[in-house]
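Step one of this worksheet: look at the structure below.
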Amino acid sequence: MNDRYDAGHGADGGGAPYELVGYDEYGRPVYRQATDQQAQHHQQAQHHQQAQQYDAYQQQGHQGYGYDPYATGGHQQPGYDPYGTGSVPPQQPQTPAYGSYDPYGTQQQGGQPPQQGAPYDPYGQSAHTGQQPRVTEQTAHIPQQPGPADDDPAGTAPDYRTEQFAFVEEPDGDSEDVIDWMKFTENRTERREEAKRRARSRIVALAVVLALVAAGGVGYLWYAGKLPGLSDSGAGTGTTTAAGAQKRDVIVVHLHDTTGGGTTTALLVDNTTTEQGTTVLLPNSLALTADDGATTTLAKSVEDDGSEGTRTALDTVLGTDIEGTWRLDTPFLLTLVDLVGNIEVDTDTDVPDPDAKKGEAPLVKKGKGQTLSGKMAVAYATHRGSGEAQNAQLERFGQVMHGVLRKMTSDPDAATLTVQTLGQILEPPLTDKDLGDFLARLSDRAKGGDHKSALLPVQDDGTLTAEASDSVVKDVLGGTAKSPDENAAVSVSVRNATGVKDHTEKARVVLLNGGFTFRAAGTAAAPEATSEVVYADAADKENATEVAKTLGLDAGSVTKGKVTGNARVSVVLGQDYDPGS
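Under our numbering, think of the first position of the sequence shown as 359, with each following residue one higher.
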């Protein structure tokens, strides 16, 4: 199927032929119907062009087969009329020279008018003379092709419309291409200046952050009392308050000598606020108050009252909050030292081997950096030479504990596994995990140089001195006594300044009978003339007045002041005290 316009259509179909007038915006040809005169001229032009092509072909030496469609030469069948007009031309017309043929019949070369005669009709139609009637022009167009323009009556001009062309005016300032080009051609100096400004901003921000970090670090060191020139125990603004606000974890450990007998006690303290660890060595002569109110010693309390009773008595006297008791028998200490891989201790004496004969080399030699195995560590921790005070043996036990903590792992899980490997049974509420985590933290302190040992000083009678309260009880253990329950008996510390030793025991009996709890505060170095009853809290003023009345002292001896011995009321018995009153 041909949907194109046929140039020869209309000769017999009643319409004029079509001629090309131009192309649309898609490159497709546009045709329109031509007038009769224009059609005739167009046909003559085609005939002349074909005749020229055939003459050229004959001149090149080609012969036809008796068929001459244009009758311009060559052999031809007699009586053959290629166009069916019914006549044979008597003589062959001469082919006009190239360029002399006027397809529209207006003039020939040289400006001569065309010859008169019958018009040549190549399609066999009868020739007509005279002026051809004008046929109304019809312009054929394909779909979406605009029709003829009204201002072109001849229909010769191409039909163009404004919608076939697009004239776009792009704004110079808002064009994306222009913007991209401007960005690309941005001045290099401006970019460098912008980079410098950003670098300065980062430096300023970093300086601010470093200043804040430094200020925070100084503040923490001040709060923890680690700034040079400051001391936790020194007098000054904020030192006592900071010490009281610190958080501490405390466990009491009792070393039981299963071979030689006796016990050794120490408090393991982990100050989580200042990140300091301390082993507080407690002499066996420390005076405690039994459950029945009687005065006893630490050694007797461990044997008689057991772990629970001793822990309660220590809390009462020292104002601590002991979280658990670790009973460490000497066989377990031996295993523990072997598990951590021996320890190093600066020994202060030679320790003989208990299983060796006389004259043999000592098991532990005196010297610095001595490596001790489990057996050697047990022998050194429990050794007490002839004529030595119990404090000497207590300090050796502290050295062994410090060496164990330094070799202990700082990993809580690994430390817990070490505790479980010992195979000992811990007393509730202490568990293997609690003890493992606690020892791991103290091990970290010891490895970093933040662990020390401190001996609690006591007097010959086992009572605490004021110096002991300041240096150990307040600074290491918290500085304040544990607040008693609302219905608990009022604790009263008594210091004997009468010059008579028996007066302390008489005052203790009187106070216990009066419903008070007795705390021994030792004996004064020199006698004092008058007695004194001191309370620190205004709520204890009435209790202090009742204590003075119970002891037979004058009401004027009651004053508000500093309380010692971790008691709610402190009493200094002077020479005016009369036990029989």
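We treat Cβ as the ideally placed atom computed from N, Cα and C, and that holds for glycine.
- If you check the CB distance, L644 and G914 do not come in under 9 Å.
- If you check the CB distance, L869 and V892 do not come in under 9 Å.
- Inside the region 758-826, DSSP marks whole alpha helix (DSSP H) runs of 4 or more residues at positions 770-780 and 790-805, from first to last along the chain.
- Three or more beta-carbon pairs separated by less than 8 Å are not found between the region 774-794 and the region 754-763, which leaves the two stretches without contact.
- Under the three-state reduction of DSSP, R926 is assigned to coil, being neither helix nor strand.
- In the DSSP assignment, S744 falls outside any alpha helix (DSSP H), carrying neither H nor E.
- In this structure, D615 lies near T740, with their beta-carbon atoms less than 9 Å apart.
- If the five residues before and after L797 are omitted, its C-beta is found closer than 6 Å to the C-beta atoms of M766 and A773, all from its own chain and listed in chain order.
- In the DSSP assignment, N854 is bridged to T881 and L931.
- Within the same chain, and ignoring the five residues on either side of S928 in sequence, the residues whose Cβ sits closer than 6 Å to its Cβ are S851, V892, V921 and T922.
- When DSSP states are grouped into helix, strand and coil, I680 belongs to the coil group.
- Only residues of its own chain outside the window of five on either side were considered, and among them N854 have a CB closer than 6 Å to the CB of T862, listed in chain order.
- Restricting attention to M759, V388 and D790, the CA atom closest to the CA of L639 is found in M759.
- Inter-segment contact for the region 690-704 and the region 652-660 is absent: fewer than three beta-carbon pairs are separated by less than 8 Å.
- Residue pairing of H612 in beta bridges, as defined by DSSP: T623 and R685.
- As DSSP reads the structure, T654 sits in a beta bridge with L646.
- Beta-bridge analysis with DSSP links L639 to A624 and L813.
- DSSP links D706 through a beta bridge to no other residue.
- Judged by DSSP in its simplified three-state form, F690 adopts helix.
- A residue is called buried when at least 16 other Cβ atoms come within 10 angstroms of its Cβ; N871 does not meet this threshold and is exposed.
- In the DSSP annotation of this structure, the continuous segment of the beta strand (DSSP E) that includes T729 starts and ends at G725 to L730.
- For the options K918, D912 and G919, the alpha carbon positioned closest to that of G932 is the one of D912.
- Non-local beta-carbon contacts of K810 in its own chain, meaning distances under 7 Å to residues more than five positions away in sequence, involve T636 in chain order.
- Beta bridge pairing from DSSP links S849 with T875.
- Remark: three or more beta-carbon pairs, one from each stretch, lie closer than 8 Å, so the region 726-745 and the region 678-697 are flagged as touching.
- Remark: C-beta atoms of L788 and E681 approach each other more closely than 9 Å.
- DSSP, read as helix, strand or coil, puts D607 in strand.
- In this structure, DSSP gives K716 a state outside helix and strand, which the three-state scheme calls coil.
- In the same chain as K918, and ignoring 5 residues on each side of it, the C-beta atoms closer than 8 Å to its own belong to V892, Y893, A894, A896 and K899, in chain order.
- Out of T903, L822 and L763, the CA that lies nearest to the CA of A882 is found in L822.
- If you draw a 10 Å sphere on the C-beta of D679, you find fewer than 16 other C-beta atoms in it, and that means exposed.
- Under DSSP, V576 forms no beta bridge with any residue.
- A buried status is given to T632, since no fewer than 16 other beta-carbon atoms sit within 10 Å of its beta-carbon.
- DSSP, read as helix, strand or coil, puts G919 in coil.
- Shown here for D711: same chain residues with a beta carbon closer than 6 Å to its own, the five before and five after excluded, namely L721 in chain order.
- Within the same chain, Cβ atoms closer than 6 Å to the Cβ of R866 are found at F876, the five residues on either side in sequence being excluded.
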